[in-house]
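Beneath this line is the structure, given in structure tokens, with notes to follow.
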Amino acid sequence: MAWGRRSPRDLVALGGPDGRGHSVGGLETYIRLRELGLCFDIGRAPEESLSCGLVLFTHGHVDHLGGVVSHVASRVLRGMAPPVYVVPPPIAPKLEALLELWRDIDGAALPCTVVPLGPGEELQHKGKHVIRPFRAPHFQPAQGYGIWSQTHKLKAEFQGLPGREIQQLRAAGREVADLVEVPLVSFTGDANSDVFDEEVVRKAKLSIFEVTFLDERVSVESAREMGHMHLDEVLEQAHRLESERILMTHFSARYNAREIRRILDARLPAELRERVTPLLDHINP
Ligand SMILES: [Zn+2]
Ligand SMILES: [Zn+2]
């Protein structure tokens with residue numbers, strides 16, 4: 003079986019999840035990128051999510067956002083720093099209002115920072131990564147996230163010069179380096195297959211996207227109406243997917259893990275299959 007060989011460590015090496023993420027359509031999505039020090043979505047705030055000080059929320063459905071109050075409250079209890087929640091701008095004032103209500107109900111301060119960040123905007127992260135939301139076509143306003151590494155590379159004309167001369171050039175105000183960006187990770191959240199028009203979804207080293215429906219029990223048309231992806235559409239797009247690793251998430255709760263493996267094994271072309279890992283944690287065997 004191709005799936006068994008794909009250890010979480012491969013994904014971690016690409017800044018991917020450390021094997022603690024899980025995602026079941028309609029129930030709970032939570033994916034932690036340990037190497038990058040952040041999480042995507044918190045549907046229910048499992049214990050291991052408490053270490054995430056930065057959470058990038060994709061949209062307001064409860065299976066993606068529902069754990070936010072537990073998350074901040076549990077972090078406070080443990081004396082951890084107030085978390086930062088990045089959210090689509092239309093949700094930000096509603097989330098602030100929700101937190102205010104909970105502060106009133108609970109009597110606790112629930113300290114956190116809500117950051118509205120939409121497509122076209124970006125957030126620097128730890129000085130070497132940049133996070134950019136992109137539009138995710140879904141049932142309600144939603145967005146995915148691309149994360150790029152950023153490094154500075156000495157311009158070709160200055161390579162080979164002694165460090166002292168480069169410092170002098172820099173001191174004189176010359177631009178001596180180019181900014182080099184590499185797309186590391188993309189996460190679609192919930193989205194229909196139009197999300198593949200986003201370059202980072204097709205080219206990030208690790209592309210994490212939802213595939214809610216896998217077979218004829220739900221048609222492609224119905225999947226699109228619900229703002230979700232059908233495996234048939236992934237197969238149509240396969241020739242465009244350049245990512246080294248693909249993590250498929252958000253399978254409908256109607257499938258058990260054995261079915262998911264069987265269907266993917268039967269339907270994915272070999273070239274795609276060897277790059278794909280289905281996220282099966284917390285799914286019935
Ligand atoms: Zn969902
Ligand atoms: Zn949703």
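Each residue of the sequence shown is one higher than the last, beginning at 3 in the working numbering. Glycine residues also receive a C-beta, built at the ideal position from the N, C-alpha and C atoms.
As computed with DSSP, L35 is found in a beta bridge with L40. Boundaries of the alpha helix (DSSP H) around D106: 94-108.
Taking all protein chains in view, the Cβ of S195 is crowded by 16 or more other Cβ atoms within 10 Å, so the residue is classified as buried.
In this structure, T214 sits away from V182, with a CB-CB distance that is not shorter than 9 Å. Bounds of the beta strand (DSSP E) holding I149 are 145-156. Near ligand 1, meaning a Cβ closer than 7 Å to any of its heavy atoms, lie the following residues in chain order: G27, G28, T31, H63, D65, H66, D192, H252.
Just measuring C-alpha positions, the residue of E227, V64, A47 sitting nearest G28 is V64.
In the structure shown, Q126 adopts extended strand secondary structure according to DSSP, grouped into three states. Fewer than three pairs of CB atoms, one per stretch, sit closer than 8 Å, so the stretch 168-177 makes no contact with the stretch 114-126. Relative to ligand 2, the beta carbon of H24 is positioned no closer than 8 Å to any heavy atom.
Remark: the C-beta of Q152 is outside contact range of ligand 2, defined as less than 8 Å to any heavy atom.
Cβ neighbours of G148 within its own chain (closer than 7 Å, five residues either side excluded): R134, F136, P185, S188, V202, A206. In this structure, ligand 2 has no non-hydrogen atom nearer than 8 Å to the beta-carbon of A225. Annotation for H61 indicates a beta carbon within 8 Å of some heavy atom of ligand 2. W150 is the residue among S224, W150, R269 whose C-alpha sits nearest the C-alpha of V132. The Cβ neighbour count for L103, taken over all protein chains shown within 10 Å, is under 16; the residue is labelled exposed.
One alpha carbon belongs to R77, the other to S53, and they sit about 8 Å apart.
L58 is the residue among R277, L100, Q145, L58 whose C-alpha sits nearest the C-alpha of H127. At least one heavy atom of ligand 2 lies less than 8 Å from the C-beta of A144. Judged by DSSP secondary structure, D267 falls within the alpha helix (DSSP H) whose first and last residues are 259-269. For E167, the enclosing alpha helix (DSSP H) covers residues 165-173. In terms of Cβ geometry, P90 and A47 do not form a close pair [threshold 9 Å].
Taking non-hydrogen atoms of ligand 2 into account, the C-beta of F211 is found less than 8 Å away from none of them.
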